[in-house]
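Peer 1: According to my numbering, the residues represented by the sequence shown are 14 to 403, in order.
Dumping the structure here so I can ask a few things about it.
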Amino acid sequence: MEKSEESSDFKNGGNVEARQSNLAIAGGLFILFILLFIPTLLTFFIFNVEQWSELLQKKVEYTIRTWTIAGLIFGGIIGAINVYFGAKRVFAMEKSAEAANKTAEAANKNAEAALKNVQLSEDKQITERFSKAIEQLGSEKIEVRLGAIYTLERIAKDSPKDHWTIMEILTAFIRENVPLTEDDKISNVKIVNNNSNNQEEKKEIKKLRLDIQETLTVIARRNYENDLRYQRLILSNINIVKANLYKANLKGANLTGANLKGANLIAADLRGADLTGANLTGANLLETSLTEADLAGANFAGASLTETDLRGAYLYTANLTGASLYKADLRGACLTKANFTEANLTEADFTNNKTIELNQIQYNTRNWEKAKYDKDFREKLGLPPEDTEN
């Protein structure tokens, strides 16, 4: 109905403009006729005035004046007509521009409405997928749970606003399914012998559930740029022995009390993570980044810390019995009361460290003389000055 009225108004407006143009043309022609007729009549009158019959020069002069005035009037009228039609053209162009703007605005509104509808449709689909995945996480069938885990990962990628909520759900899934029991509580003085034939110990380090491992993998490879600021992954007090966390991004994660016995943490990012009291016996931390991490009371007995970055880490009372610290970087780390018994310190870097004591290094460790120390500490150890030429 509105479109019909607009079309009718447009047609009526067009008819009015046409009539106005026709009237203007007719008026112009009439004025032209008058301007031609009056000078002609005056010329005829001038040349037939008896008093001026002998004054030809005067007649010619008045005739020229008459036509000059007529020409000026005609020129003025033509100019006025041009101004009039110019103004009409400008007005028409403005109306066209206004109509075009209205059309563009309408198109933009339609596009915005279409986009909003698409977003609403996508949000609805995501909500449905999300709800179904949450329901499937509780399934007794492993394949259904795995499908739910991968669906949640896809939603986290497709919808950044839901990313952190999904990470919280996945971490909660792990905490609920593999909690640390009383039997799993670690003793920070226990030494793990990797060559042990103890059947109970071998049985203790059993394979991690597939769905738990896949959940950890999804968390580890998430797009951390979508993490909420100042929020941490909560993976405290979980039992994930032998977990594969190769190159896992667990920066700043809360892993207090976690059982990571025998875990693969090669090249993992654990900068600023909280591993207070965590069990990492026999774990592989080759080239792992633990800068500024809280490792107080953590158990690294028998662990491989080869080329591990421990700069600024807090290792108060940490157990490093039998650990390999080959080329480990311990600059600026807090090593107060840390236990290095039988640890391999070959080329470990203890420079810029004021918390280490002689009795921690000199008597019970292996290859302590091959480690790097500050000049004054080397003197206390009775070592010659370090060869700086190499």
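Beta carbons: idealized from backbone N, C-alpha and C, even for Gly.
Which stretch, first to last residue, makes up the alpha helix (DSSP H) that contains ILE162?
Peer 2: Note, ILE162: alpha helix (DSSP H), 155 to 171.
Peer 1: How close, in whole Å, do the beta carbons of LYS264 and ASP282 come, if the pair is a contact with beta carbons under 8 Å?
Peer 2: The Cβ separation is near 5 Å, so the contact holds.
Peer 1: When you compare the stretch 110 to 130 with the stretch 141 to 160, are there three or more beta-carbon pairs, one atom per stretch, that lie closer than 8 Å?
Peer 2: No, the stretch 110 to 130 is not in contact with the stretch 141 to 160.
Peer 1: For GLU156, count the other beta carbons within 10 Å of its own beta carbon; 16 or more makes it buried, fewer makes it exposed. Which is it?
Peer 2: That one is exposed.
Peer 1: Assuming LEU258 and ASN239 make a contact with CB atoms under 8 Å, what is their CB distance in whole Å?
Peer 2: Incorrect: roughly 20 Å between the Cβ atoms, too far for contact.
Peer 1: From the DSSP output, read off the bridge partner residues of LYS385.
Peer 2: According to DSSP, which records beta bridges pairwise, LYS385 is partnered with ASP362.
Peer 1: Measure the alpha-carbon distance for GLU153 versus HIS176 and round it to whole angstroms.
Peer 2: Answer to the nearest angstrom: the Cα atoms are 26 Å apart.
Peer 1: For SER337, which option in PHE104, GLU320 and ALA105 has the closest C-alpha, if you only look at C-alpha atoms?
Peer 2: The shortest Cα separation from SER337 among PHE104, GLU320 and ALA105 belongs to GLU320.
Peer 1: Would you check if the distance between the CB atom of TYR329 and the CB atom of THR349 is smaller than 9 Å?
Peer 2: Yes.
Peer 1: Look up PRO192 in the DSSP assignment and give the residues it is bridged to.
Peer 2: ILE251, per the DSSP bridge assignment.
Peer 1: Please determine, among ASP307, ALA280, LEU299 and SER302, the residue with the shortest C-alpha to C-alpha distance to ALA291.
Peer 2: It is ASP307 whose Cα lies nearest to the Cα of ALA291.
Peer 1: Look at the alpha carbon of GLY92 and the alpha carbon of ILE77, and state the distance between them as a whole number of angstroms.
Peer 2: Whole-angstrom Cα-Cα distance: 22 Å.
Peer 1: Take ASN2 and list the residues in its own chain whose beta-carbon comes closer than 8 Å to its own, dropping the five residues that flank it on each side.
Peer 2: In the structure displayed, the chain extends from 14 to 403; residue 2 sits before or after that span and is not available.
Peer 1: Going by the CB atoms, is the gap between LEU223 and ILE253 shorter than 9 Å?
Peer 2: Contact flag unset, no.
Peer 1: Starting from GLU227 and walking both ways along the alpha helix (DSSP H), at which residues does that stretch end?
Peer 2: Counting along the chain, the alpha helix (DSSP H) containing GLU227 begins and ends at 223 to 233.
Peer 1: Name the residue from ILE182, THR269 and LEU193 whose alpha carbon lies nearest to the alpha carbon of LEU229.
Peer 2: Among ILE182, THR269 and LEU193, the Cα nearest to that of LEU229 is on ILE182.
Peer 1: Quick check on SER144: does DSSP put it in helix, strand or coil?
Peer 2: Looking at SER144 - three-state DSSP - the assignment turns out to be helix.
Peer 1: Suppose you measure from the CA of ALA126 to the CA of ALA120; what does that come to, to the nearest Å?
Peer 2: Roughly 10 Å separates the two Cα atoms.
Peer 1: With GLY315 and GLY335 assumed to form a contact (beta carbons below 8 Å), what rounded beta-carbon distance in angstroms separates them?
Peer 2: Going by Cβ atoms, the distance from GLY315 to GLY335 rounds to 5 Å, so yes, they are a contact pair.
Peer 1: Do the CB positions of PRO398 and LYS385 come within less than 9 Å of each other?
Peer 2: The answer is no: Cβ separation not under 9 Å.
Peer 1: Thinking C-alpha only, which one of LYS174, GLU382 and PRO192 is nearest ALA361?
Peer 2: Per the Cα distances, GLU382.
Peer 1: Count the other CB atoms within 10 Å of the CB of TYR243; is the residue buried (16 or more) or exposed (fewer)?
Peer 2: That one is exposed.
Peer 1: When you compare only the Cα positions, how much space is there between THR354 and LEU150?
Peer 2: If you take the alpha carbons of THR354 and LEU150, they lie about 45 Å apart.
Peer 1: Taking the beta carbon of THR116 as the centre, do at least 16 other beta carbons fall within 10 Å, making it buried, or is it exposed?
Peer 2: Exposed.
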